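So the sequence shown is numbered by the working numbering: it starts at 701 and just counts up by one. Yeah, the Cβ is synthetic: ideal placement off N, Cα and C, and Gly gets one too. All values derive from a computational prediction rather than experimental measurement.
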Amino acid sequence: MSTATREDTPVLHGRRVHLRPLVPSDFSAWQDVRLRSRDWLVPWEPSRPAGSPDVVRSGAAFSARCRARERERQLGSGYGFGIFVGRRLCGEINLNSVQRGPFQNAYVGYWIDKGCAGNGYVPEALVVLARFAFEDLRLHRLQVAIIPRNTASRRVVEKLGLRCEGTAERYLEINGVWEDHLRFAITAEEWRQRRRELLRDWVGPARDDGPESCG
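Written out as C-alpha cells, the structure reads:
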C-alpha cells in the first residue's frame with residue numbers, strides 16, 4: 701500500500717517496514733547507523749570521489765543529498781527511501797536510473813544496519829518497492845547487481861527468487877577495483893505471476909504497527 705504526504709511524497713507500507721524519502725532532520729539517525737555499520741557496508745560501496753564532501757560527517761552534505769533525491773523524484777529519474785521499522789531508521793532502498801521509452805527499467809540498490817540484518821526487513825522492503833515500481837510507476841523491469849562474494853545481499857534476492865541473468869564482468873568500480881557483479885532481475889510479467897505469493901509471504905495480511913525494533 702502506498703500513501704502520499706502533503707508534498708505528494710510517497711510513503712510505502714509493508715508488514716513491518718515502511719519506506720519514505722529521507723529528509724534533513726533524519727541526519728542524526730542516518731549518521732549513527734552509517735558510522736556503526738561502516739566496516740560492514742564500505743567494502744561493497746563505491747569510493748567517495750576525491751574532493752567531494754563526506755555525507756556521513758556533514759549535515760549540510762546530507763541535506764544536499766536529500767535535495768538531490770527530491771529532484772530525482774520530481775523528474776521521475778530516481779526514488780530513494782529510508783527503511784523504517786517503527787520510528788527507527790534501519791537502512792535505505794532506492795530505485796536508481798529510471799529509464800523510460802522502450803526500456804522502462806530501474807536499478808535497485810539497498811543497505812541495512814548490521815544490527816538489523818537477518819530479520820527479513822530488506823526482502824520485505826524490496827517487495828514493497830517492487831509493487832510501487834510495477835503498479836504505480838508502471839515500469840517493466842527491475843535489476844539488482846551484486847558482488848558475488850556479498851553473501852548477505854545475495855540472500856535477499858535468493859529469498860525472493862529473483863532470476864539470475866549471469867555475471868557482468870568488471871561492472872562497477874568498488875574501492876578502486878572493477879568488480880564483477882551478478883545481475884538479478886524481475887519483469888512486470890513475473891511480478892504479475894508471483895504477486896500474490898510475494899505479497900502473502902512478505903507484506904500481508906496486515907501491517908504490524910507495534911513497537912518492533914532491531915539490534
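Following the continuous alpha helix (DSSP H) through residue i, name the residue where it begins and the one where it ends.
| i | result |
| --- | --- |
| Gly866 | From DSSP, Gly866 is part of no alpha helix (DSSP H) but of the beta strand (DSSP E) over Arg863 to Ile874. |
| Pro710 | Here Pro710 belongs to no alpha helix (DSSP H); instead the beta strand (DSSP E) covers Pro710 to His713. |
| Arg892 | Ala888 to Trp902 |
| Leu804 | A small correction: the amino acid at residue 804 is Gln; Leu does not occupy that position in the sequence shown. From DSSP, Gln804 is part of no alpha helix (DSSP H); its letter is neither H nor E. |
| Leu839 | Taken as a continuous stretch (DSSP letters only), Leu839 belongs to no alpha helix (DSSP H), as it is neither H nor E. |
| Val717 | Careful: Val717 lies outside any alpha helix (DSSP H), inside the beta strand (DSSP E) at Val717 to Arg720. |
Rounded to the nearest angstrom, how far is the Cβ of residue i from that of residue j, given a contact under 8 angstroms?
| i | j | result |
| --- | --- | --- |
| Tyr810 | Ala830 | So it is not a contact: roughly 12 angstroms between Cβ atoms. |
| Phe884 | Val903 | That belief does not hold up - the Cβ atoms of Phe884 and Val903 are roughly 20 angstroms apart, past 8 angstroms. |
| Glu792 | Ile783 | 6 angstroms |
| Glu865 | Leu872 | Not quite, the Cβ-Cβ distance comes to about 16 angstroms (not below 8 angstroms), so this is no contact. |
| His840 | Ala888 | 5 angstroms |
| Leu882 | Pro848 | 5 angstroms |
| Val717 | Val785 | 6 angstroms |
Applying the 10 Å Cβ sphere with the 16-neighbour rule, what's the burial state of residue i?
| i | result |
| --- | --- |
| Asn794 | buried |
| Asp732 | exposed |
| Asp754 | exposed |
| Phe762 | buried |
| Pro823 | buried |
| Asp836 | exposed |
| Arg769 | buried |
| Phe727 | buried |
| Ala817 | buried |
| Ala906 | Interpretation of Ala906 is limited by its pLDDT of 46, a score under 50 that renders its predicted location unreliable; the figure taken from the coordinates is listed afterwards. Ala906 comes out exposed. |
| Gly714 | buried |
Who are the Cβ neighbours of residue i in its own chain at under 6 angstroms, not counting the five residues just before and after it?
| i | result |
| --- | --- |
| Leu712 | Ser702, Leu719, Val828 and Phe832 |
| Asn850 | Trp744 |
| Gly759 | Phe727 |
Between which residues of its own chain and residue i is the CB-CB distance below 8 angstroms, once the five residues before and five after are set aside?
| i | result |
| --- | --- |
| Arg900 | none |
| Arg863 | Phe884, Ala885, Ile886 and Glu890 |
| Arg800 | Gly776 |
| Gly861 | Arg894 |
| Arg870 | Trp878, Glu879 and Asp880 |
| Thr867 | Pro848, Asp880, His881, Leu882 and Arg883 |
| Tyr821 | Arg716, Val717, Ile783, Val785, Cys790, Gly791, Ile812 and Cys914 |
According to the Cβ coordinates, are residue i and residue j closer than 8 angstroms?
| i | j | result |
| --- | --- | --- |
| Trp730 | Leu789 | yes |
| Arg734 | Val756 | yes |
| Ile846 | Arg854 | yes |
| Gly780 | Pro743 | no |
| Pro724 | Cys766 | yes |
| Gly876 | Ser747 | yes |
| Lys814 | Trp740 | yes |
Can you find the residues in the same chain that come closer than 7 angstroms, C-beta to C-beta, to residue i, ignoring five residues on each side of it along the sequence?
| i | result |
| --- | --- |
| Leu842 | Ala806, Val808, Ala830, Ala833, Ala885 and Ile886 |
| Asn796 | Gly778, Ala806, Tyr807 and Gly809 |
| Phe803 | none |
Could you pull the start and end residues of the beta strand (DSSP E) that residue i belongs to?
| i | result |
| --- | --- |
| Gly782 | Tyr779 to Val785 |
| Glu792 | Arg788 to Gln799 |
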